[in-house]
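First comes the structure, then the notes that go with it.
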Amino acid sequence: MQNQDEYEKKYTSLVNRFNTVESRLKEVKARIVDKQMRHDEVEYFIEDLKKQDLLTVFDENVWLSMVYYLIVHQDGKVDIIFLDGSVMKVDE
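So the working numbering is basically just the index in the sequence shown, starting at one, shifted up by 391.
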């Protein structure tokens with residue numbers, strides 16, 4: 392039989408564990424939603440590209456619709472992060 396102190400410790404431990412797991416679950420769900428949104432954006436982009444003629448020159452709109460963001464490092468290197476989450480590293 393547990394006394395009240397043991398019960399409180401066990402209960403507090405379980406509540407803390409639950410809160411930690413619940414917080415992690417929310418983070419994972421948010422990441423899943425983000426990845427699904429990116430996936431959908433890439434799918435729409437690919438469908439739009441299929442409808443167009445072959446690109447023979449640089450198209451700023453196509454570029455901007457593919458790139459999520461850039462990271463420019465102090466040494467001049469650039470990381471290009473695409474909508475699908477892939478990364479392209481570019482040296483000077």
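Glycine included, every Cβ here is placed at the ideal spot set by N, Cα and C. Keep in mind it's a predicted model, so treat the numbers as computed, not measured.
Three-state secondary structure assigned by DSSP to residue i
i    : result
K480 : strand
V448 : coil
D466 : coil
L461 : strand
Own chain partners of residue i with C-beta closer than 6 angstroms, once the 5 adjacent residues on each side are dropped
i    : result
K468 : D482
M479 : I471
According to DSSP, residues forming a beta bridge with residue i
i    : result
I423 : According to DSSP, which records beta bridges pairwise, I423 is partnered with nothing at all.
**OP:** Would you be able to state if there are at least three C-beta pairs under 8 angstroms between the segment 461-478 and the segment 426-439?
**Re:** Taking 8 angstroms as the limit for Cβ pairs, the verdict is that the segment 461-478 does touch the segment 426-439.
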